[in-house]
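To convert, take the position in the sequence shown, counting from 1, and add 582; that gives this note's numbering.
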Amino acid sequence: MAANIIDGKAFAATVREKVAGHVARLKEEHGITPGLAVVLVGEDPASQVYVRSKGKQTVEVGMNSYEHKLDAATSEADLLAVVDQLNNDPNVHGILVQLPLPGHLNEDLIINSIAPEKDVDGFHISNVGLLGTGQKSMVPCTPLGCLMMLRDYHGSLSGMDAVVIGRSNIVGKPMAQLLLGDSCTVTIAHSRTKDLPEVVRRADIVVAAVGRPEMVPGDWIKEGATVIDVGINRIERDGKNKLVGDVDFASCAERAGAITPVPGGVGPMTIACLLANTVTACCRANGLAEPEGLTA
Ligand code: NDP
């Protein structure tokens, strides 16, 4: 069986269109322009690329983008002061501090200094707690993007067996919470899981967020299962640089019912969901109705 390809690039474009439509209405009917502030500390090349891309897409959907580029040697006190200023700026509805931060800065402390209602990455401890208890929260962008694609493909996820491989705070754990919220029976697997192949073979939905190139082979996949590949791994093959996921796409696509490719699957959905979270945060801040279908 050849799997259906879940086209994250096309889906992300529809999410951005919805966001842009809502931004236009906010401007027209309420005179409000949602604003996203991104704080980058240091010169990490990958982070610089992400921040540029986020800024560009923010402006493309009609929102204001505020970039704060700080020196790698910025002190914790100075960074906290920038976050505090953004927390108190009524034109800023979303704040994202680009991770990883330089080693001398305490990431937990910085993230938890962001006002929870402006924490569009969904990493603040209050948002983690709200998500864990099934309350309205800011939902981390990558798992939110995965959930949107799963809901779009399946409609209801109720009763499905889901296996999330990876238990990180930014992907694995929130992904499991979201699937549980949609009434899946959820297993979280990790590096100490016994007999991972057997665990994965039970799954109707497999979300791989491991960070190991092509770790999941096709014979771990139940016939007809849906495979969401979060991994982004740069490898060299046949003398060329290549981007691959955490699943072996060719063999998994032979058994899966549907699968996301890398690139062009989960990746594009992450920034689209950041924009969605910003417009949601703006609506909540102003006591306005939230856009439909852009949150969990
Ligand atoms: P982490 O390194 O934080 O977590 C990886 C998880 O995988 C850990 O829980 C680890 O288990 C588990 N793991 C490692 N090796 C194995 C193994 N052999 N068998 C089973 N589990 C294993 O990674 P992230 O969650 O941050 O990211 C995962 C992947 O997703 C990466 O490739 C990253 O680049 C990508 N990513 C993609 C995004 C996107 O926008 N598409 C956004 C964020 C991440 P343990 O806890 O036991 O160590």
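Glycine is no exception: its CB is placed at the ideal position from the N, C-alpha and C atoms.
For clarity, every value in this text was computed on a predicted model and none was experimentally measured.
With a 10 Å radius around its C-beta and 16 neighbouring C-beta atoms as the bar for buried, classify residue i as buried or exposed.
i, result
"histidine 604", "buried"
"aspartate 801", "exposed"
"histidine 706", "buried"
"lysine 824", "exposed"
"asparagine 868", "exposed"
"asparagine 709", "buried"
For residue i, does the three-state DSSP call read helix, strand or coil?
i, result
"leucine 687", "coil"
"glycine 590", "helix"
"aspartate 801", "helix"
"arginine 784", "coil"
"alanine 744", "strand"
"valine 844", "coil"
"serine 635", "helix"
"valine 641", "helix"
"aspartate 811", "strand"
"histidine 650", "strand"
"glutamate 818", "strand"
"alanine 606", "helix"
"isoleucine 677", "strand"
Would you kindly check if the distance between the Cβ of residue j and the Cβ of residue i is under 9 Å?
i, j, result
"arginine 819", "glutamate 699", "no"
"isoleucine 803", "leucine 761", "no"
"glycine 827", "proline 799", "no"
"proline 756", "leucine 687", "no"
"glycine 716", "glycine 763", "yes"
"isoleucine 853", "cysteine 723", "yes"
"methionine 731", "glycine 847", "yes"
"aspartate 660", "leucine 668", "no"
Can you find at least 3 beta carbon pairs, one from the region 774–783 and one from the region 737–757, that sit closer than 8 Å?
yes
Below 8 Å, how does it come out for the region 589–604 and the region 821–835: are there three or more Cβ pairs, yes or no?
no
Tell me whether the region 853–863 and the region 596–612 touch, counting them as touching only if at least three CB pairs, one residue from each stretch, are closer than 8 Å.
yes
Please confirm if the region 763–776 is in contact with the region 805–819, defined as three or more CB-CB distances below 8 Å between the two stretches.
no
Mind the definition here: the region 605–620 touches the region 674–692 only if three or more C-beta pairs lie below 8 Å; say whether that holds.
yes
Any chance you could list the beta strand (DSSP E) runs of at least 3 consecutive residues sitting entirely within the region 697–775, in chain order?
743–747 and 767–771
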